[in-house]
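Undergrad:
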Amino acid sequence: MMAKPVHCGRKSRLAQTCLRLLMAAIVASSLGCVTSFSSSDLSPTRVTPGVAKRDLGIGYLSSRRTAMAIRQLRASLTLDASDPATHLWLGEAYRRKGKTAEAEELLLDSIRLSQAPELVVTHHAARLTLSALLSQLGRYEESLEHCEALVDDPTFSTPWRPLTNCGWALLQLGRLDEAASHFEDALDFFPRFGPALLNLGILRTKQGKTLAAVKALDAALDSRRLGSSALGEAHYRLGEIYVKMGRRDKAIEHFRQATEKAPRDNWGSQSQAYLDLLH
-17 MMAKPVHCGR KSRLAQTCLR LLMAAIVASS LGCVTSFSSS DLSPTRVTPG
33 VAKRDLGIGY LSSRRTAMAI RQLRASLTLD ASDPATHLWL GEAYRRKGKT
83 AEAEELLLDS IRLSQAPELV VTHHAARLTL SALLSQLGRY EESLEHCEAL
133 VDDPTFSTPW RPLTNCGWAL LQLGRLDEAA SHFEDALDFF PRFGPALLNL
183 GILRTKQGKT LAAVKALDAA LDSRRLGSSA LGEAHYRLGE IYVKMGRRDK
233 AIEHFRQATE KAPRDNWGSQ SQAYLDLLH
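Quick note: the sequence shown uses the numbering used here, first residue -17, plus one each step.
1. Does DSSP classify T187 as helix, strand or coil?
2. Could you check if D258 is buried or exposed, using at least 16 other CB atoms within 10 Å of its CB as the buried criterion?
3. Go ahead and label Q252 buried or exposed: buried means 16 or more other beta carbons lie within 10 angstroms of its beta carbon, across all protein chains shown.
4. Just to check my reading of the structure: L145 and D167 have Cβ atoms closer than 8 Å, yes? What is that Cβ distance to the nearest angstrom?
5. CB S210 to CB A244, shorter than 8 Å?
6. If you scan the region 34 to 70 from start to end, which runs of the beta strand (DSSP E) of 3 or more residues do you find wholly inside it?
7. Going by the CB atoms, is the gap between I184 and R230 shorter than 8 Å?
8. Name the residue from Q239, A202, V196 and P31 whose alpha carbon lies nearest to the alpha carbon of I223.
9. Would you mind listing the alpha helix (DSSP H) stretches within the region 117 to 159 that are 4+ residues and don't spill past its ends, in chain order?
10. Do the CB positions of L115 and R77 come within less than 8 Å of each other?
11. Which of the three DSSP states, helix, strand or coil, is assigned to P266?
12. Taking the Cβ atom as the reference point for each residue, do L249 and A240 lie within a distance shorter than 8 Å?
13. Of the residues K188, P173 and E235, which one's Cα is nearest the Cα of H261?
14. A83: buried (16+ other C-beta within 10 angstroms of its C-beta) or exposed?
15. Could you pull the start and end residues of the alpha helix (DSSP H) that K243 belongs to?
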């Protein structure tokens, strides 16, 4: 996927750290994985009220106190409506709350406000986050527009993330060969990128390539780069594969792991339903 709020130097260390974590964490949707701060130049001794409230909001968001984060980020936006980073983080906060229309509007504002070269990191993060949001909303063609723009941007430092987002959108559109190519390109850049491995495993399952699916899903688990929900999904999908193969012992093992890794998630509850049937 952060530290508590700290004072800004020339660029807010908190905001920069949180942005890196956001771009690592905007990789999760309800099925499969999709992946989602450059602040204005400030003198070391001057922190504007808007920046202070923004960083306080980021701190709250890092500790999952989303309602408090929204309050501070909205206050920051009132003080400075031109800061693209505030739009980005408030958009992410609304995304977490399920307020997708508000999130989309704020992310589009962040993209519009971060056209200057010195704001490129914020611009990239807003596009990546928006591509993930649009995929989660089932608007895959629109998602492709944003993630492909990042794939084609030579200044984007982590191309495996938009490649994975694009691959997921293509998978949902039924363009399996193109999706596989995007996942494989992502893994060429970062062979242990868990979200790409998980999505490749899902794709290989759809293609009926069982051994390749198991290999990819096992590698996703071994990557140690999946959140709890994605871990639950990987174990659940492996459990389903082993059920079809008649490997009851292996299926039970993975379904149990899914219930442990994601007990409050659908993957955990669906795995428990399988366990009830298999015992």
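Backbone N, C-alpha and C fix where the C-beta goes; we use that ideal spot for every residue, glycine too.
TA: This is what the structure gives:
1. Position 205 of the sequence shown, counted from the start, is the residue given in the question as residue 187. Correct three-state label for T187: helix.
2. Your numbering for residue 258 matches position 276 in the sequence shown. It counts as exposed.
3. Start at 1 with the first residue of the sequence shown, and residue 252 comes out as number 270. Its Cβ being crowded by 16 or more others within 10 Å, Q252 is buried.
4. Here residue 145 is taken as the residue at index 163 of the sequence shown, counted from 1. Here residue 167 is taken as the residue at index 185 of the sequence shown, counted from 1. About 5 Å separates the two Cβ atoms, so the contact holds.
5. For the purposes of this step, residue 210 is taken as residue 228 along the sequence shown, with counting starting at 1. For the purposes of this step, residue 244 is taken as residue 262 along the sequence shown, with counting starting at 1. Taking 8 Å as the Cβ cut-off, S210 and A244 qualify as a contacting pair.
6. none
7. By 1-based counting over the sequence shown, the position of residue 230 is 248. By 1-based counting over the sequence shown, the position of residue 184 is 202. No, the Cβ-Cβ distance between R230 and I184 is not below 8 Å.
8. Taking the sequence shown and counting its residues from 1, one reaches residue 223 at position 241. Answer by Cα proximity: V196.
9. 122 to 133 and 142 to 154
10. Within the sequence shown, residue 115 is the residue found at index 133, counting from 1. Within the sequence shown, residue 77 is the residue found at index 95, counting from 1. Yes, Cβ-Cβ distance for L115 and R77 is below 8 Å.
11. No answer is possible for residue 266: it lies beyond the span of the chain, which begins at -17 and ends at 261.
12. Indexing the sequence shown from 1 puts residue 249 at position 267. Indexing the sequence shown from 1 puts residue 240 at position 258. Note that residue 249 is Trp in the sequence shown, not Leu. Yes, the Cβ-Cβ distance between W249 and A240 is below 8 Å.
13. Working through the sequence shown from its first residue, we reach residue 261 at position 279. The residue with the shortest Cα to Cα distance from H261 is E235.
14. On the sequence shown, residue 83 is found 101 positions in, with the first residue counted as 1. With fewer than 16 Cβ atoms within 10 Å of its Cβ, A83 is classed as exposed.
15. As a first step, residue 243 is located in the sequence shown; it is residue number 261 there, counting from the start. Run containing K243: R230 to K243, per the alpha helix (DSSP H) assignment.
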